[in-house]
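Input: a single structure, listed below in structure tokens.
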Amino acid sequence: MKKIAIKCSIVILGLMCGLLPLLPMQASASVSVKASLPYFPIQINGQDMDIAHSQYPFLVYKDITYLPMTWNNFQTLGIEYNWSESDGLQIWSNRNFPPPIRQTPLEQDLTTKSHANSYFVQVSDVPITMNQVEINNKTEPYPFLTYQDVTYMPLTWRFVHDLLQIDIQWSDDEGLSLVGGQNAIYSIIGDDDRSLYFYSLLSADRTKSMLKMDKSNYQIEWKNNEEQDQFIKSLSTSPHPFAGKPVELVRKDRDLFYGNVKVHTLTDSDVWESAAWGAPVHTYTAFPVGDQRVILSINLTLPIAAIGPNYGTTYTFLIQNGNVTRLEDFNQKLDRVIPNPDGTVWIASAKLPSRNGFISGSARVGLLDQEGTLHMVNERLHELDVNTLGITNLSLSNPASTDGSLYIVLNGISNKDYAVQDTAGLYTLNTKLETKRLSDYVFGDYYLDKNRNIFIKHRNNTIENLTTGEMRTWFDYDLAKMK
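This is how it looks when you write it as structure tokens:
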């Protein structure tokens, strides 16, 4: 689905007549301009809008489409708002988790009255904020308007796609389409040879715990809670060969030994014990990386009750020919350690979940050369996070290709000053640390399946096969009624 900066726009607030008071913003509106009815079809979440009989019709001004901000339109698109005399009009995307599921199609506000072809509308001059971004309506080339005591929002790419995270598309045959507030399909669980599997936000119904999607024809079917449990168990029947193996270290006083090699001396904080919870729990993981060398991960975690994930303290060491080197760039869990055909080794960590999202800077990848020098890709590319595709997929035997190349995703945030860079996108990364940009970054969850196809789980129940360019979208109300 090709997305273009459409000459159409979206107004999303307004009030359902008879249920909510009208926004008191028209009193200050002054300048009148002329708008007309759209000459093309419009859809909201797959439903054709009855423009001819709409009580609050879409309008076109300066070749931009305007959305009436009615209660029904806002609710179906997953948009919230607030009005006050002091702050004016505040608009934001859904902030609730789990997000609401729209189990019924949009209820349109219809009338039997006929419409004129054009109308005089007013330019609003009240304060407007969208997702905490102030909108200066006086200088906007496509300002917010008011008509029949309802606010109208311009459907510009910036407002709709960038700020409100609503998908907007245009085609000559089908006209303008808006998709927003669709949340039933949650994150990717995993895959097998034929299908992708997703968690569901309709799981309160135990028959809709997991969604199975055929990769070839995009046919979908619900799986119940027991089938979900069985699939998840099938993913971890045997340890992944590049995920390391548990080992035992010998402790002598504060010294830890791997065989006859002293690896680490525990610090005061390493041995501190909680009066309530006791001593730290030690976990040791070894990653073989060739003849006479191994990477060793030591994790020390106090078994305390914590709000959010409790990752403890992690130390990572390279033991090569009896010599120990601490790899200080990896003070977290290692997801994959991958030996390459040329003798180099990838070390990769996926981004770590936090209480409110993910820990910035935790998606890391480095290349260990044959001499034992670690080259951090994050530092080389000046990127805060380098996301390596496939390193958490239990079905994928090797995230690297036959020549050792990886797929990586950059978010375009500097690891120096957190500034936005023009680097966000999907890349290949070879063992010479050369990158090739394959596409610009799009918001969503990238997934490398066991057949090395790249899928993206976009917002609004949209799944894309980036390898083939195919894309499908499902609506909450269709998924809810599907057996």
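Under the numbering used here, the first residue of the sequence shown is numbered 20, with each subsequent residue one higher. Ideal Cβ placement from N, Cα and C applies to all residues, glycine included. Predicted model only: the values in this text are computed from it and were never measured.
Beta carbon of residue i nearer than 8 Å to that of residue j
i: Leu215; j: Lys234; result: yes
i: Val405; j: Ile427; result: yes
i: Gly380; j: His394; result: no
i: Val140; j: Leu164; result: yes
i: Tyr460; j: Ala443; result: yes
i: Leu254; j: Leu353; result: no
i: Asn359; j: Ala262; result: no
i: Lys281; j: Asp289; result: no
i: Ile98; j: Leu220; result: no
i: Tyr218; j: Tyr237; result: no
i: Glu402; j: Asn434; result: yes
i: Tyr85; j: Tyr138; result: no
i: Tyr80; j: Val52; result: yes
i: Ala369; j: Thr421; result: no
i: Val9; j: Val356; result: A question about residue 9 goes unanswered here, because the residues of the chain that appear run from 20 up to 502.
i: Asn156; j: Val169; result: no
i: Thr454; j: Ile473; result: no
i: Tyr166; j: Thr175; result: no
i: Gln109; j: Asn115; result: no
i: Asp361; j: Arg383; result: no
i: Ser373; j: Gly327; result: yes
i: Pro299; j: Thr286; result: no
Run of the alpha helix (DSSP H) containing residue i, from where it starts to where it stops
i: Lys335; result: Note on identity: in this sequence residue 335 is Thr, with Lys being the wrong assignment. Careful: Thr335 lies outside any alpha helix (DSSP H), inside the beta strand (DSSP E) at Thr332 to Gln339.
i: Trp90; result: Trp90 to Leu96
i: Ser253; result: Asn244 to Leu254
i: Lys500; result: Asp495 to Lys500
i: Ser288; result: Asp287 to Val290
Bridge-paired residues (DSSP) for residue i
i: Val266; result: Its beta-bridge partners do not exist; DSSP assigns none.
i: Phe276; result: Val269 and Lys281
i: Thr148; result: Gln109 and Glu153
i: Glu240; result: Lys231
i: Ala367; result: Arg355 and Val384
i: Thr130; result: The partner list for Thr130 (beta bridge, DSSP) is empty, contrary to what the question assumes.
i: Val79; result: Ser55 and Thr84
i: Val343; result: Ile338
i: Asp67; result: Gln62
i: Ser257; result: In DSSP, Ser257 forms no bridge with anything.
i: Gly376; result: Ser373
i: Tyr466; result: Phe474
i: Ser73; result: Leu129
i: Asn101; result: Gln109
Residue-level contact to chain D via CB, residue i, 8 Å cutoff
i: Tyr237; result: Absence of chain D from the displayed structure is noted, only one protein chain being present.
Segment limits, beta strand (DSSP E) that includes residue i
i: Asp210; result: Ile204 to Asp210
i: Ala305; result: Val300 to Pro307
i: Trp296; result: First-last for Trp296: undefined, no H or E at that position.
i: Leu164; result: Leu164 to Tyr166
i: His477; result: Ile473 to His477
i: Lys53; result: Ser51 to Ser55
i: Phe139; result: Ser137 to Val142
i: Pro87; result: Ile83 to Pro87
i: Pro195; result: It should be noted that the sequence gives Leu, not Pro, for residue 195. Gly194 to Val198 is the extent of the beta strand (DSSP E) around Leu195.
i: Pro173; result: Val169 to Pro173
i: Glu489; result: Glu489 to Thr492
i: Asp186; result: Asp186 to Ser190
i: Gln62; result: Ile61 to Ile63
i: Ile314; result: Arg312 to Thr320
i: Glu483; result: Thr481 to Asn484
i: Lys218; result: Before going on, a small fix: residue 218 reads as Tyr here, not Lys. Element bounds for Tyr218: Ser214 to Ser219.
Q) Residue ranges of each beta strand (DSSP E) run of no fewer than 3 residues wholly in the region 380-464, ordered along the chain? A) The region 380-464 contains, as complete beta strand (DSSP E) runs of 3+ residues, the segments 383-387, 393-395, 405-407, 425-429, 444-448 and 454-459 (chain order).
(Q) For the pair the region 147-161 and the region 174-190, tell me if three or more CB-CB distances fall below 8 Å. (A) Three or more Cβ pairs closer than 8 Å define a contact, and the region 147-161 meets that threshold against the region 174-190.
Q) Are there three or more Cβ pairs, one per stretch, closer than 8 Å when the region 401-417 is compared with the region 435-451? A) yes
Q: Examine the Cβ distances between the region 466-484 and the region 185-200 and report whether three or more of them are shorter than 8 Å.
A: yes
(Q) Would you call the region 302-318 in contact with the region 236-255, where contact means no fewer than 3 C-beta pairs closer than 8 Å? (A) no
Q: State whether the region 53-60 contacts the region 70-78, with contact taken as three or more CB pairs (one from each stretch) at a distance under 8 Å.
A: yes
Q. Looking at C-beta atoms only, is the number of pairs between the region 324-333 and the region 264-278 that lie closer than 8 Å three or more?
A. no
Q: Please confirm if the region 114-131 is in contact with the region 481-496, defined as three or more CB-CB distances below 8 Å between the two stretches.
A: yes
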